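Visitor: Just passing along the structure, written as structure tokens.
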Amino acid sequence: MSTLTDPPKDSFRLSMLINDTRYRSLTFQALAFLAMALSFWYLGNNLVANLRAAGLNINFGFLGDTAGYDISQKLVEYSNQDSHSSAAFVGLLNTLLVAFLACITATVFGVVAGVLRLSKNWLVSKLMAFYVEIFRNIPVLIWIIIIFTIMTAFMPAPRAFRGDNATATMVFDAFAFTNRGIYTPLPWFSRGIFESQTLNWVLVLLVACGSWFAARRVNVWATAKQEETGERPNTLSMLLGIWLVPFVILMLIMGLSWEYPALKGFNFQGGIKVGGPLIALWFALSIYTGAFIAENVRAGIQAVSKGQTEAAAALGLRPSKVMNLVVLPQALRIIIPPLISQYLNITKNSSLAIVVGYADITATLGGITLNQTGRAIECVLLLMAFYLTASLLISLVMNVYNASVKLKER
Amino acid sequence: MTDQTTNSIAFVADGNIPQSPPPARETGAVKWIRANLFSSWGNSLLTIAAGLVIYMVLSGAVPWMWNGVWTTSSLSECREVLAGEVGACFSVLSERWNQLLFGFQYPSDQYWRPTLAFLLLFVAGAPVLFFDLPRKLLAFTAIYPFLAFYLIWGGTLMAPIVAFLGVAAAAFVFQTYGKGSFALGFFGAIIAAFAVWFVGGALIPEGASEEAMLQAVPSRDLGGFMLNLMLGVTCVSLSVPLGIALALGRQSNMPLIKWICIIFIEFVRGVPLITLLFVASVMLSYFFPPDSTVDLFLRVVIMITMFSAAYIAEVIRGGLAALPKGQYEAADSLGLDYPQAMRLIILPQALKISIPGIVNVAVGLFKDTTLVSVISMFDLVGMIRGPILASTEWAGVYWELLGAAALLFFVVCYGISQYSQWLERRLATDHH
Numbered sequence: 002m003s004t005l006t007d008p009p010k011d012s013f014r015l016s017m018l019i020n021d022t023r024y025r026s027l028t029f030q031a032l033a034f035l036a037m038a039l040s041f042w043y044l045g046n047n048l049v050a051n052l053r054a055a056g057l058n059i060n061f062g063f064l065g066d067t068a069g070y071d072i073s074q075k076l077v078e079y080s081n082q083d084s085h086s087s088a089a090f091v092g093l094l095n096t097l098l099v100a101f102l103a104c105i106t107a108t109v110f111g112v113v114a115g116v117l118r119l120s121k122n123w124l125v126s127k128l129m130a131f132y133v134e135i136f137r138n139i140p141v142l143i144w145i146i147i148i149f150t151i152m153t154a155f156m157p158a159p160r161a162f163r164g165d166n167a168t169a170t171m172v173f174d175a176f177a178f179t180n181r182g183i184y185t186p187l188p189w190f191s192r193g194i195f196e197s198q199t200l201n202w203v204l205v206l207l208v209a210c211g212s213w214f215a216a217r218r219v220n221v222w223a224t225a226k227q228e229e230t231g232e233r234p235n236t237l238s239m240l241l242g243i244w245l246v247p248f249v250i251l252m253l254i255m256g257l258s259w260e261y262p263a264l265k266g267f268n269f270q271g272g273i274k275v276g277g278p279l280i281a282l283w284f285a286l287s288i289y290t291g292a293f294i295a296e297n298v299r300a301g302i303q304a305v306s307k308g309q310t311e312a313a314a315a316l317g318l319r320p321s322k323v324m325n326l327v328v329l330p331q332a333l334r335i336i337i338p339p340l341i342s343q344y345l346n347i348t349k350n351s352s353l354a355i356v357v358g359y360a361d362i363t364a365t366l367g368g369i370t371l372n373q374t375g376r377a378i379e380c381v382l383l384l385m386a387f388y389l390t391a392s393l394l395i396s397l398v399m400n401v402y403n404a405s406v407k408l409k410e411r
Numbered sequence: 073m074t075d076q077t078t079n080s081i082a083f084v085a086d087g088n089i090p091q092s093p094p095p096a097r098e099t100g101a102v103k104w105i106r107a108n109l110f111s112s113w114g115n116s117l118l119t120i121a122a123g124l125v126i127y128m129v130l131s132g133a134v135p136w137m138w139n140g141v142w143t144t145s146s147l148s149e150c151r152e153v154l155a156g157e158v159g160a161c162f163s164v165l166s167e168r169w170n171q172l173l174f175g176f177q178y179p180s181d182q183y184w185r186p187t188l189a190f191l192l193l194f195v196a197g198a199p200v201l202f203f204d205l206p207r208k209l210l211a212f213t214a215i216y217p218f219l220a221f222y223l224i225w226g227g228t229l230m231a232p233i234v235a236f237l238g239v240a241a242a243a244f245v246f247q248t249y250g251k252g253s254f255a256l257g258f259f260g261a262i263i264a265a266f267a268v269w270f271v272g273g274a275l276i277p278e279g280a281s282e283e284a285m286l287q288a289v290p291s292r293d294l295g296g297f298m299l300n301l302m303l304g305v306t307c308v309s310l311s312v313p314l315g316i317a318l319a320l321g322r323q324s325n326m327p328l329i330k331w332i333c334i335i336f337i338e339f340v341r342g343v344p345l346i347t348l349l350f351v352a353s354v355m356l357s358y359f360f361p362p363d364s365t366v367d368l369f370l371r372v373v374i375m376i377t378m379f380s381a382a383y384i385a386e387v388i389r390g391g392l393a394a395l396p397k398g399q400y401e402a403a404d405s406l407g408l409d410y411p412q413a414m415r416l417i418i419l420p421q422a423l424k425i426s427i428p429g430i431v432n433v434a435v436g437l438f439k440d441t442t443l444v445s446v447i448s449m450f451d452l453v454g455m456i457r458g459p460i461l462a463s464t465e466w467a468g469v470y471w472e473l474l475g476a477a478a479l480l481f482f483v484v485c486y487g488i489s490q491y492s493q494w495l496e497r498r499l500a501t502d503h504h
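Residue numbers (my numbering), protein chains in the order written: chain A, 2 to 411; chain B, 73 to 504.
See the structure below:
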């Protein structure tokens, strides 16, 4: 009869660092650490030597200096006397603006194209397949340039709107499509509760939030009632009231009026100007990414097994209910993770703004500021830090949402 | 009664009635159209809308292309020929074709060199892409990088030969010692390669490039679509091994190595390629030794390779995660050590799963090579935006140039994605 004995307790020998799996990983990690430290030391040494040779240092003080350049598309007040940091902030907001707009429209394009690609209509599904293939296989940079070219080279100049024999006219006397951008009416409050228009808009936003919460309560109540009695009360009129009444009252109290763009001098004044670069970037990003989202949507819908649809139909659900209650909730689980990465791609691709001269953070901080101050290392580091933070935040928010729609497994 | 019934029957069918043809609306083209285009009100509206879109695009594009002018030498001349009619000025393509392909600085009597390198690329790529071909062709694939380098950059033949000898020495050392211990073979191979390069580099005489057989072309003279292809091919082929290493590192149970890989991958994936290209163009030179000059092409290759390696690593990680745990355990129970298990069992399966993802990354990367035009390299887009549209002859020829660029990219990217689908079908070993 054999007995189990403890493995021989050898004293530690140096060869065990290579041959014994218990210690080998330590050896490898020590080696990796050594290699890392050496290469960092080498690169840092080179950096210090190069900086000394060029008479430079790493210093973020330049951010306080006067920027000295103008930005035409801006969300906050900015003049060329402001500092580089406020120029970077304007750029940061512009990046977020175009990314936000493009995410929304890309989702719309993508969902429409993805659903239509599965349509029984041969012509439409082929057309959508064509759209997807064309846009996925051509660089987004080329699309941005093409749409920007359409904006600048084929739209009328503001002076075409002038005079008796004007070659271009404003749409509804309110919208002007020019080669410098699109001008739309600007809503503002003539007797606002607050002095500042921004605060008035914040008030509108707060009221909208209130309506949203109330609407949610109504939905919860309706669901509870349905569970109790089996019949869902009709909440449409209540929801309409909750959304519209406070809004309309607020608008009437504050005196909503519209400021129309008008041709003054060489250009349109007043209204909201959506610059050509912004439109080009926004549209190009959304139509390009829309093609990718269309594929994700199609894959998601196709992944829901046919039995689910048939079972729902056998229960007597109408086709619209089958889609809303059975197919979409299951498809969403598959669609959302790739959708997150498409949103991240939009945010990162918005850095291509620099080719059309849209003042996003890459064009301000990484473009003009970098070239004016020569602070390459600082600017690029700040730029990377911004994009890293933005990417992490977006994926955090979307992962929370993803977790909420995920299959709850027990 | 019976008598009456039998007699009163006027007609008794004594055979089958011949089948009548189906109604006209249920056969052939009519049925197809009804079923596929006009099955309902909504569908009919969609069909009409789609038809209108197609008509609008075609009615604009067809006359424009049909009337295209191919033989003039400037936009004003082209407009004279067109005499006010709608038409394209494709002559910009015929006149500037070489610039679009090779950039505006590559010596024009040497165009055959990149062309030859491009054609040989297919020979070298074939055994990698189609593994039914004889394996002996891989020998050419091994030589190809050095041959292509020599063809495109020219200069002394010694440089690519020394580089090749270094790699050959590394391969030899790995073959000899790698069987016993992977680590020994691997690190020995690296040391051998560097030793050969160091000795060989010292042997190349100073100024050998001047009296070389092929005229030396500096990197800054490269341009056009050639630059896009070179960046795409080089960076993808370099980033696949790097991506595999990163993916394995991320799965490793050594915390330090795992965290180095995670930080690298997440950092690179979190920033846009353009910031990495800024690093290449303005920042990277600070990190090289003060008196060295690493040219922009190499710096860009380094950064793009890092970029795509991070993405490929994530794709391969997905492939590794998709393998059942039993595969790892089976490899362990066979007594294979880590490198053997990876090489023989895990990676072949994981890579097969990852192929579509890797091809997607490759296509994306190839499209992203156009971004180098932002840091003033004259690739295809850079050529169009820079020298050609800025020239006095061709200022204002947008559609023809951008359309040609779009077409070139479409052909390559669509071809790659079709190949990937073919490969997926080819590699599918499960039954459907």
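By construction, the Cβ of each residue, glycine as well, lies at the ideal position given by its N, Cα and C atoms.
In this text the structure is predicted, and so the values were computed from the model without any measurement.
With DSSP run on the structure shown, which of helix, strand or coil describes A/E379?
Guide: The residue labelled residue 379 of chain A in the question sits at position 378 within the first sequence. DSSP places A/E379 in helix when its eight states are reduced to three.
Visitor: Exposed or buried, what is A/R14 when buried is set at 16 or more other beta-carbons lying within 10 Å of its beta-carbon?
Guide: Looking up residue 14 of chain A in the first sequence gives position 13. The residue in question, A/R14, is exposed, as its Cβ has fewer than 16 Cβ neighbours within 10 Å.
Visitor: If we count Cβ pairs, one from each stretch, closer than 8 Å, do we get three or more for the stretch 260-273 of chain B versus the stretch 287-305 of chain B?
Guide: With the cut-off at 8 Å, the stretch 260-273 of chain B and the stretch 287-305 of chain B do not touch.
Visitor: Three or more C-beta pairs closer than 8 Å, one from the stretch 125-139 of chain B and one from the stretch 107-117 of chain B: is that the case here?
Guide: Contact fails between the stretch 125-139 of chain B and the stretch 107-117 of chain B, because fewer than three Cβ pairs, one in each stretch, are under 8 Å apart.
Visitor: Would you identify the three-state DSSP class for A/T185, choosing helix, strand or coil?
Guide: On the first sequence, position 184 is the one that residue 185 of chain A refers to. Shown here, A/T185 sits in a strand according to DSSP, grouped into three states.
Visitor: Using a Cβ-Cβ cut-off of less than 7 Å, give me the residues of the stretch 108-122 of chain B that come near chain A, in sequence order.
Guide: Result list: N108, L109, S111, N115, L118, T119 and A122.
Visitor: Quick check on A/V381 - is its C-beta less than 8 Å from some C-beta in chain B?
Guide: Walking along the first sequence from the start, residue 381 of chain A turns up at place 380. Closer than 8 Å: yes.
Visitor: Please classify B/T143 as buried or exposed, where buried requires at least 16 neighbouring CB atoms within 10 angstroms.
Guide: The count along the second sequence starts at 1 and reaches residue 143 of chain B at position 71. Per the 10 Å Cβ criterion, exposed.
Visitor: Where do the N-terminal and C-terminal ends of the alpha helix (DSSP H) with A/Q270 fall, by residue?
Guide: In the first sequence, the residue the question calls residue 270 of chain A occupies position 269. Run containing A/Q270: none in the alpha helix (DSSP H); it sits in the beta strand (DSSP E), N268 to Q270.
Visitor: According to a CB-to-CB cut-off of less than 8 Å, which residues of the stretch 120-136 of chain A neighbour chain B?
Guide: S120, K121, N122, W123, L124, V125, L128, E134 and I135
Visitor: To the nearest angstrom, how far is it from the Cα of A/Y261 to the Cα of A/Q74?
Guide: The residue given as residue 261 of chain A occupies position 260 in the first sequence. The residue given as residue 74 of chain A occupies position 73 in the first sequence. Computed Cα separation, rounded: 18 Å.
Visitor: Where does B/W466 sit, in a helix, a strand or coil, going by DSSP?
Guide: Position 394 of the second sequence, counting from 1, holds the residue named residue 466 of chain B. Note: B/W466 maps to coil in three-state DSSP.
Visitor: Using a Cβ-Cβ distance cut-off of 8 Å, determine whether B/L303 contacts chain A.
Guide: Within the second sequence, numbered from 1, the residue matching residue 303 of chain B stands at position 231. No, its Cβ sits nowhere closer than 8 Å to a Cβ of chain A.
Visitor: Any C-beta of chain A sitting closer than 8 Å to the C-beta of B/K439?
Guide: Within the second sequence, numbered from 1, the residue matching residue 439 of chain B stands at position 367. Answer yes: the Cβ-Cβ gap between B/K439 and chain A drops below 8 Å somewhere.
Visitor: Are the stretch 85-100 of chain A and the stretch 352-370 of chain A touching, with three or more C-beta to C-beta distances below 8 Å?
Guide: Touching, yes.
Visitor: Which bits of chain A does B/M326 rub up against, with CB to CB less than 7 Å?
Guide: For the purposes of this step, residue 326 of chain B is taken as the residue at position 254 of the second sequence. Result: S26, F29 and Q30.
Visitor: Measuring CB to CB, does A/V381 end up less than 8 Å from B/M378?
Guide: The residue given as residue 381 of chain A occupies position 380 in the first sequence. The residue given as residue 378 of chain B occupies position 306 in the second sequence. No; because the gap between Cβ atoms is not below 8 Å, this pair is not in contact.
Visitor: When the cut-off is 8 Å and only beta carbons count, does B/F379 lie next to chain A?
Guide: Position 307 of the second sequence, counted from the first residue, corresponds to residue 379 of chain B. No, its Cβ sits nowhere closer than 8 Å to a Cβ of chain A.
Visitor: Taking 6 Å as the limit between beta carbons, can you name the residues of its chain near A/A423, skipping five residues before and five after?
Guide: Any answer about residue 423 of chain A is impossible in this case: the structure gives chain A only from 2 up to 411.
Visitor: So, under 8 Å CB-CB, A/V205 and A/L240 are touching, yes? Tell me the CB distance rounded to an integer number of Å.
Guide: In the first sequence, the residue the question calls residue 205 of chain A occupies position 204. In the first sequence, the residue the question calls residue 240 of chain A occupies position 239. With 8 Å as the limit, A/V205 and A/L240 do not qualify as a contact, their Cβ atoms being about 19 Å apart.
Visitor: When the cut-off is 8 Å and only beta carbons count, does B/V129 lie next to chain A?
Guide: Counting from 1 along the second sequence, the entry for residue 129 of chain B is found at position 57. No - not a single Cβ of chain A is within 8 Å of the one on B/V129.
Visitor: Could you check the C-alpha separation between B/M73 and B/F83 for me, to the nearest Å?
Guide: As a first step, residue 73 of chain B is located in the second sequence; it is residue number 1 there, counting from the start. As a first step, residue 83 of chain B is located in the second sequence; it is residue number 11 there, counting from the start. With a pLDDT of 48 at B/M73, under the threshold of 50, the modelled position of this residue cannot be trusted, and the question is left open.
Visitor: Could you check what DSSP says for A/K274 in three-state terms: helix, strand or coil?
Guide: Taking the first residue of the first sequence as 1, we reach residue 274 of chain A at position 273. Note: A/K274 maps to strand in three-state DSSP.
Visitor: On the DSSP letters alone, give me the boundaries of the alpha helix (DSSP H) that A/S120 sits inside.
Guide: As a first step, residue 120 of chain A is located in the first sequence; it is residue number 119 there, counting from the start. First-last for A/S120: undefined, no H or E at that position.
Visitor: Name, please, each residue of chain B whose Cβ falls closer than 8 Å to the Cβ of A/F34.
Guide: The residue you call residue 34 of chain A lines up with position 33 of the first sequence. Within 8 Å Cβ-Cβ: L328.
Visitor: Taking 8 Å as the threshold, find out whether the stretch 47-67 of chain A comes into contact with the stretch 378-392 of chain A through three or more Cβ pairs.
Guide: yes
Visitor: Hey, is A/T363's beta-carbon within less than 8 Å of any beta-carbon in chain B?
Guide: What you label residue 363 of chain A is simply residue 362 of the first sequence in a count that begins at 1. Contact with chain B is found for A/T363, since one of that chain's Cβ atoms lies less than 8 Å from the residue's Cβ.
Visitor: Return the CA-CA distance between A/L39 and A/Y289, expressed in angstroms with no decimal places.
Guide: Here residue 39 of chain A refers to the residue found at position 38 when the first sequence is read from its first residue. Here residue 289 of chain A refers to the residue found at position 288 when the first sequence is read from its first residue. Approximately 43 Å between the Cα atoms of the pair.
Visitor: Given that A/T150 touches chain B, what residues does it touch there, using C-beta distances under 9 Å?
Guide: Here residue 150 of chain A corresponds to residue number 149 of the first sequence, with the count starting at 1. Within chain B, the residues near A/T150 are Y470, W471 and L474.
Visitor: I want to verify the contact list: residues of chain B whose CB lies under 8 Å from the CB of A/I1, in sequence order.
Guide: What the structure shows of chain A is the stretch from 2 to 411, and residue 1 of chain A is not part of that stretch, so it cannot be assessed.
Visitor: For A/D83, which residues in the same chain have their Cβ closer than 8 Å to its Cβ, ignoring the five residues on either side in sequence?
Guide: Reading the first sequence from its first residue, position 82 is the one you call residue 83 of chain A. Closer than 8 Å at the Cβ level, and outside the excluded window around A/D83, lie T67 and A68.
Visitor: Shorter than 8 Å from the beta carbon of A/L392 to some beta carbon of chain B?
Guide: The sequence position of residue 392 of chain A within the first sequence is 391, counting from 1. One point to set straight first is that residue 392 of chain A is Ser, not Leu, in the sequence displayed. Yes - at least one Cβ of chain B is within 8 Å of the one on A/S392.
Visitor: DSSP three-state label for B/D451, please.
Guide: What you label residue 451 of chain B is simply residue 379 of the second sequence in a count that begins at 1. Strand at B/D451.
Visitor: Among A/A332, A/S191, A/G272 and A/Q270, which one has its Cα closest to the Cα of A/V406?
Guide: Translated into positions along the first sequence, residue 406 of chain A becomes position 405. If we check each option's Cα against that of A/V406, A/A332 comes out closest.
Visitor: For B/A211, which residues in chain A fall below 8 Å Cβ to Cβ?
Guide: For this step, residue 211 of chain B is matched to residue 139 along the second sequence. Here the premise fails: no neighbours, minimum Cβ distance about 33 Å.
Visitor: May I ask you to list the residues that DSSP assigns as paired with A/W259?
Guide: Locating residue 259 of chain A in the first sequence gives position 258, where the first residue counts as 1. Looking at the DSSP output, A/W259 shares a beta bridge with A/P188.
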